[in-house]
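Following: one structure in structure tokens, then a few remarks.
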């Protein structure tokens, strides 16, 4: 089947804004210059494009290798990607498995099966040429690279479309991306990764756990409530159909996650790349769901907060970031620290509304976040009741943000 080539728009408050629920760490986001605003669909097909640009062997492989459904009930899917996991494993080999964001040593998961299997391929050409993608061993590995792999996975699996018009720090052109994809696929084939993933105890546990545990949490209710509560869906996404996807990787640390807003034709895919593990290193559906909901809230809240930068600057000019956020978040600009706090407070209100347990489950989230170093969340949480009781006056969270932001800095 011929596949059209789509030029996808990537729109987030920051092109790849990284965030994490709970007490986890924040990852550096990409600079504004990486936003792609061209939504033109070229006339050539993806197969023709690949032939013209020099990439070859990836054109016909199984789409499940890039994005396999573990659980799906519209509009939500939990998936995992053999190809993205293969990339993370290659990064692990390149870094001698010494990175806090992948293969974290404090996880209860036993990574020795994976490490032992792939270690003989440490000198594979693909691994040896990762320097331009894994340029800082102390940060998340190749975030820009992973983003484009997610774009490709979503567009191919959901729309049978390729991606184009790529301009990023990882890939200077479409040709560069497809060449990288071809090299990754070669590593995938040479290592017989497909057979490994099918027999791997970790991946069998992942599928079995998610398929069973996801039924115990009202994730779709949370996501629907996020749309209703914020009221910004139509203003941001117009009439686009929204899809929510949790990309799960057992090799990612639970202390970081990223959100990705991907436009493909008339559909928008709000993707969180995250671990299915909790902070104790074990399978944790509650934490997995919290992270998914947290990341899904950012596209609804961040644009409005960003428009309030002048107010935020006037209120924060004499403030110490360390009094508001955990130390590992103090590098962020004030509007990003602010949207992270607001997302946490809103999530607690959403959990309270869905469960009708404002004193139990909602407060548990607040307490956990407060212990993690997030100040003034209770003040934000409390004043949001005024928003809920006056939705005629405040139809969207954006209209209530000046009050919310002022309260946030007032309660320092």
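Residue numbers (the numbering used here): 236 to 647.
The beta-carbon is built from N, C-alpha and C at its ideal position, and this holds for glycine as well.
Predicted, not measured: the structure shown is a model, and the values here were computed from it.
Item: Pick helix, strand or coil for residue 509, following the three-state DSSP scheme.; Value: strand
Item: Going by alpha carbons, who is nearest to residue 511 out of 526, 605, 396, 601?; Value: 526
Item: State buried or exposed for residue 571, treating a residue as buried only when at least 16 other CB atoms are found within 10 Å of its CB.; Value: buried
Item: On a Cα-Cα basis, can you pick out the residue from 341, 315, 644, 416 that is closest to residue 577?; Value: 644
Item: What would DSSP say about residue 236, mapped onto helix, strand or coil?; Value: At residue 236 the pLDDT is 36, less than 50, meaning the model places this residue with poor confidence; the figure from the coordinates comes in the next sentence. Of the three classes helix, strand and coil, the one that applies to residue 236 here is coil, per DSSP.
Item: Starting from the Cα of residue 468, find the closest Cα among 631, 378, 407, 444 and give me that residue.; Value: 631
Item: Hey, would you say residue 419 sits closer than 8 angstroms to residue 387, going by beta carbons?; Value: no
Item: For residue 531, list the residues DSSP reports as bridge partners.; Value: According to DSSP, residue 531 bridges with nothing at all.
Item: State the Cα-Cα distance for the pair residue 355 and residue 423, rounded to the nearest angstrom.; Value: 14 angstroms
Item: Under three-state DSSP, which class holds residue 369?; Value: coil
Item: Taking a contact to mean a Cβ-Cβ separation below 8 angstroms, would you say residue 490 touches residue 531 in this structure?; Value: no
Item: Roughly how far, in whole angstroms, is the beta-carbon of residue 507 from the beta-carbon of residue 481, given that I think they are within contact range, below 8 angstroms?; Value: 5 angstroms
Item: On the three-state DSSP scale, how would you describe residue 427?; Value: coil
Item: Between 321, 642, 621, which lies nearest to residue 361 when the distance is taken from Cα to Cα?; Value: 321
Item: Just to confirm before moving on: does the CB-CB distance between residue 309 and residue 392 stay below 8 angstroms?; Value: no
Item: On a CA-only basis, which of 439, 623, 573, 569 is nearest residue 587? Give me that one, please.; Value: 623
Item: Helix, strand or coil for residue 303? Go by DSSP, reduced to three states.; Value: strand
Item: To the nearest angstrom, how far is the alpha carbon of residue 442 from that of residue 314?; Value: 9 angstroms
Item: With respect to the alpha helix (DSSP H) encompassing residue 452, which residues constitute its N-terminal and C-terminal limits?; Value: Looking at the DSSP string, residue 452 is not in any alpha helix (DSSP H), and its letter there is neither H nor E.
Item: How many Å lie between residue 431 and residue 319 at the Cα?; Value: 14 angstroms
Item: Apart from the five residues just before and just after residue 462, which ones in its own chain have a Cβ nearer than 6 angstroms to its Cβ?; Value: 468
Item: Span of the alpha helix (DSSP H) holding residue 387?; Value: 378-394
Item: Can you tell me whether residue 592 is buried or exposed, with buried defined as 16 or more other CB within 10 angstroms of its CB?; Value: exposed
Item: Quick check: what's the CA-CA separation for residue 328 versus residue 492?; Value: 21 angstroms
Item: Just curious, the beta strand (DSSP E) that residue 496 is in, first and last residue?; Value: 492-499
Item: In the DSSP assignment, find the beta strand (DSSP E) that holds residue 477 and state where it starts and stops.; Value: 476-483
Item: CB residue 394 to CB residue 499, shorter than 8 angstroms?; Value: yes
Item: Is the CB-CB distance between residue 326 and residue 378 below 8 angstroms?; Value: no
Item: Report the rounded CA-to-CA distance for residue 565 versus residue 556, giving the unit in angstroms.; Value: 6 angstroms
Item: In whole angstroms, give me the CA-to-CA distance for residue 305 and residue 459.; Value: 21 angstroms
Item: For residue 616 and residue 642, what's the separation of their Cα atoms in angstroms?; Value: 10 angstroms
Item: For the candidate residues 370, 585, 561, 381, whose alpha-carbon lies nearest to that of residue 494?; Value: 381
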